[in-house]
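Protein chains in written order, with our numbering: chain R, 299 to 579; chain C, -8 to 175.
(1) Starting from residue 531 of chain R, trace the alpha helix (DSSP H) both ways and give me its first and last residue.
(2) Output the residue ranges of the beta strand (DSSP E) runs that lie fully inside the segment 438 to 497 of chain R and measure 3 residues or longer, sorted by chain position.
(3) Just to confirm the assignment, what range does the beta strand (DSSP E) spanning residue 555 of chain R have?
(4) Name, please, each residue of chain C whose Cβ falls closer than 8 Å to the Cβ of residue 363 of chain R.
(5) Are the beta-carbon atoms belonging to residue 481 of chain R and residue 349 of chain R less than 9 Å from one another?
(6) Would residue 165 of chain C pass as an interface residue toward chain R - the criterion being a Cβ-Cβ separation below 9 Å?
(7) Please classify residue 568 of chain R as buried or exposed, where buried requires at least 16 neighbouring CB atoms within 10 angstroms.
(8) If you follow the alpha helix (DSSP H) that residue 309 of chain R is part of, which residue opens it and which one closes it?
(9) Give the residues from the segment 67 to 86 of chain C that approach chain R closer than 8 Å (Cβ to any Cβ), ordered along the chain.
(10) What does a CB cutoff of less than 7 Å around residue 3 of chain C pick up in its chain, not counting 5 residues either side in sequence?
(11) Should residue 101 of chain C go down as buried or exposed, given a rule of 16 or more other Cβ atoms within 10 Å for buried?
(12) Would you report the Cα separation of residue 76 of chain C and residue 412 of chain R, rounded to the nearest angstrom?
(13) Exposed or buried, which one is residue 161 of chain C when buried takes at least 16 other CB atoms within 10 Å?
(14) For residue 564 of chain R, which option in R:547, R:498, R:431, R:324 has the closest C-alpha, if you only look at C-alpha atoms?
(15) Let me know the secondary structure DSSP gives residue 392 of chain R once reduced to three states.
(16) How about residue 130 of chain C and residue 148 of chain C: are their beta carbons less than 9 Å apart?
(17) I want to verify the contact list: residues of chain C whose CB lies under 7 Å from the CB of residue 339 of chain R, in sequence order.
(18) In whole angstroms, give me the CA-to-CA distance for residue 477 of chain R and residue -2 of chain C.
(19) In three-state terms, what does DSSP make of residue 44 of chain C?
(20) Can you confirm whether residue 135 of chain C, when its beta carbon is compared against all beta carbons of chain R, has any partner nearer than 9 Å?
(21) What three-state label does DSSP hand residue 361 of chain R in the structure shown?
(22) Distance check for residue 55 of chain C and residue 371 of chain R, CA to CA, integer angstroms please.
(23) Round the Cβ separation of residue 369 of chain R and residue 407 of chain R to the nearest angstrom and send it over; I've been treating them as touching at under 8 Å.
(24) Would residue 95 of chain C pass as an interface residue toward chain R - the criterion being a Cβ-Cβ separation below 9 Å?
(25) Judging by CA-CA distance, which residue of R:506, R:307, R:303, R:530 is the nearest neighbour of residue 325 of chain R?
(26) CA-CA distance, residue 457 of chain R and residue 553 of chain R?
(27) So which residues of chain C does residue 345 of chain R contact, with C-beta pairs closer than 7 Å?
(28) Check each residue of the segment 503 to 516 of chain R: if its Cβ is closer than 8 Å to any Cβ of chain C, include it; give the result in chain order.
(29) The beta strand (DSSP E) with residue 92 of chain C in it runs from where to where?
(30) Start and end of the alpha helix (DSSP H) containing residue 333 of chain R?
(31) Going along the chain, which residues of the segment 44 to 63 of chain C sit with their C-beta nearer than 9 Å to a C-beta in chain R?
(32) Between the segment 542 to 570 of chain R and chain C, which residues of the former have CB atoms less than 7 Å from a CB of the latter, in chain order?
(33) Counting along the chain, where does the alpha helix (DSSP H) carrying residue 121 of chain C start and finish?
(34) Smallest Cα separation from residue 104 of chain C: which of C:118, C:81, C:24?
(35) Buried or exposed: residue 363 of chain R, going by 16 or more other Cβ atoms within 10 Å of its Cβ?
(36) Taking a Cβ distance cut-off of 7 Å, strictly less, list which residues of the segment 393 to 408 of chain R are near chain C, in chain order.
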């Protein structure tokens, strides 16, 4: 058993919020550069070069690369041999988010109530926290700020087993087609398959954490990811929806067993600012 | 890029008649910010026959909710927000003189029709390019609806603010024509 004081978590979460917003991953930059070389549309090339310039400037000026610094989605892998002391674990995460969004000059984008009284919570809390208990005595914290424009283009569909893999591919491609320029393409497409209604959505979000330069570990799934990516990039939507070849930088699938009667499919659309940073305590 | 055109606000009919979809535009002068909540209030004022918090004739509204300004900077990161949410309000504002809108993503047919009717244009800023855009903003002050925080109406002074013409006054739409061209 390892004892960890929850107050140790606060500065870690604070820094992850700031770093995720200021510094995009090398995998994203490499993918944008790779697609820039292949892009046929001059307008699309111009957009991709502005995006690269923006990420470079964000890191240099220490400013968030996008003004929509999102909801703070926090994934926790909590070792089962950890004993948390010193206070409320989740409150410590919220406090880290509060400090990170304030000190990093990040935009606070949450409202208390979705419909009747849409008043800003002013500190970007509550964070959305998902916890998995894992073997070991460490805590892995991942902060993945998620913007509203791309999140709004996401969808869950309860499909039939008879729809098959073709049905899934068609649904995902159609979801991207209907999203057009709204989610800030080039996008990353997270696909969650199986589980149940709510787990499919979480799988789609977790799929977005996989680095863009890593393939799915199983060949049969990696082939489907490639098929979807090709179809999505043949839609012609292009960067920002102005037309071009670079609609998505990657497709990432996660799957789980599901009920004999069900086949839930979730698509979580991520804009090019595929931001996430992790730390292990 | 078709061509690069420099524009100075407020815009005239002659300014907007020169623009075609795909053109790169660099805007200098004053522009105003406003998104969902501010638009709702502006339209309520127009419908009540009251005066707006700024003279809208020939002006441009930029759909943005900027990040807070870090020390020493006039504004924080300030990329565009998705425009379709402003579609229910935009034609009312064009009818009273609005000449340009800056945002990201396609517009509805009623907005496109209103642009033709009122000789107004829709310019796309690059979604996510929030630091590049912020660099073009040299001054920012809240002029209305301070209570809305990031959604308040700000008056921005801009210099060579970069955009791409997405809808011109002739009814052309880059989101349709561009995609059609590259669809396989």
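Yeah, the Cβ is synthetic: ideal placement off N, Cα and C, and Gly gets one too.
Looking at the atomic coordinates:
(1) DSSP places residue 531 of chain R inside the alpha helix (DSSP H), whose first and last residues are 517 to 531.
(2) List check, beta strand (DSSP E) in window: 453 to 457, 485 to 493.
(3) Element bounds for residue 555 of chain R: 546 to 556.
(4) Under the 8 Å cutoff, chain C gives 68, 119, 121, 122.
(5) Contact check for residue 481 of chain R against residue 349 of chain R fails: the beta carbons are separated by 9 Å or more.
(6) A Cβ of chain R is located within less than 9 Å of the beta carbon of residue 165 of chain C.
(7) Buried, since its Cβ has 16 or more Cβ neighbours within 10 Å.
(8) From DSSP, the alpha helix (DSSP H) with residue 309 of chain R extends over 307 to 320.
(9) Those residues of the segment 67 to 86 of chain C that come within reach of chain R (Cβ to Cβ, closer than 8 Å) are 67, 68, 69, 70, 72, 73, 75.
(10) By the criterion of a C-beta distance shorter than 7 Å, residue 3 of chain C is surrounded in its chain by 49, once the five residues flanking it on both sides are discounted.
(11) With fewer than 16 other Cβ atoms from the protein chains shown falling within 10 Å of its own Cβ, residue 101 of chain C counts as exposed.
(12) Residue 76 of chain C and residue 412 of chain R: Cα-Cα distance of roughly 16 Å.
(13) Residue environment analysis places residue 161 of chain C among the exposed positions, since fewer than 16 neighbouring C-beta atoms fall within 10 angstroms of its C-beta.
(14) Cα-wise, what sits closest to residue 564 of chain R is R:498.
(15) DSSP places residue 392 of chain R within a helical segment (H, G or I) once states are collapsed to three.
(16) In contact: residue 130 of chain C and residue 148 of chain C (Cβ atoms closer than 9 Å).
(17) The contacting residues are 173.
(18) Distance between the alpha carbons of residue 477 of chain R and residue -2 of chain C: 31 Å.
(19) Here DSSP, grouped into helix, strand and coil, assigns residue 44 of chain C to coil.
(20) Residue contact check for residue 135 of chain C against chain R: no CB pair falls below 9 Å.
(21) Taken through DSSP and simplified to helix, strand or coil, residue 361 of chain R comes out as coil.
(22) Each residue's alpha carbon lies about 23 Å from the other.
(23) Taking C-beta atoms under 8 Å as the contact rule, residue 369 of chain R and residue 407 of chain R qualify, at a distance of about 7 Å.
(24) Yes, residue 95 of chain C lies at the interface with chain R (some Cβ there is under 9 Å from its Cβ).
(25) Minimum Cα distance to residue 325 of chain R is reached at R:506.
(26) Their Cα atoms are separated by approximately 14 Å.
(27) In chain order, 117 make up the part of chain C whose C-beta sits under 7 Å from the C-beta of residue 345 of chain R.
(28) For the segment 503 to 516 of chain R, the set of positions with a beta-carbon nearer than 8 Å to some beta-carbon of chain C is empty.
(29) Segment 91 to 94, the beta strand (DSSP E) holding residue 92 of chain C.
(30) In the DSSP assignment, residue 333 of chain R falls within the unbroken alpha helix (DSSP H) covering 324 to 336.
(31) So the close ones are 55, 56, 57, 58, 59, 60, 61, 62.
(32) Contact annotation: in the segment 542 to 570 of chain R, residues whose CB is within less than 7 Å of a CB in chain C are 542, 543, 569, 570.
(33) Note, residue 121 of chain C: alpha helix (DSSP H), 121 to 126.
(34) Cα-wise, what sits closest to residue 104 of chain C is C:81.
(35) Its Cβ being crowded by 16 or more others within 10 Å, residue 363 of chain R is buried.
(36) Per Cβ criterion, the list reads 403, 404, 405.
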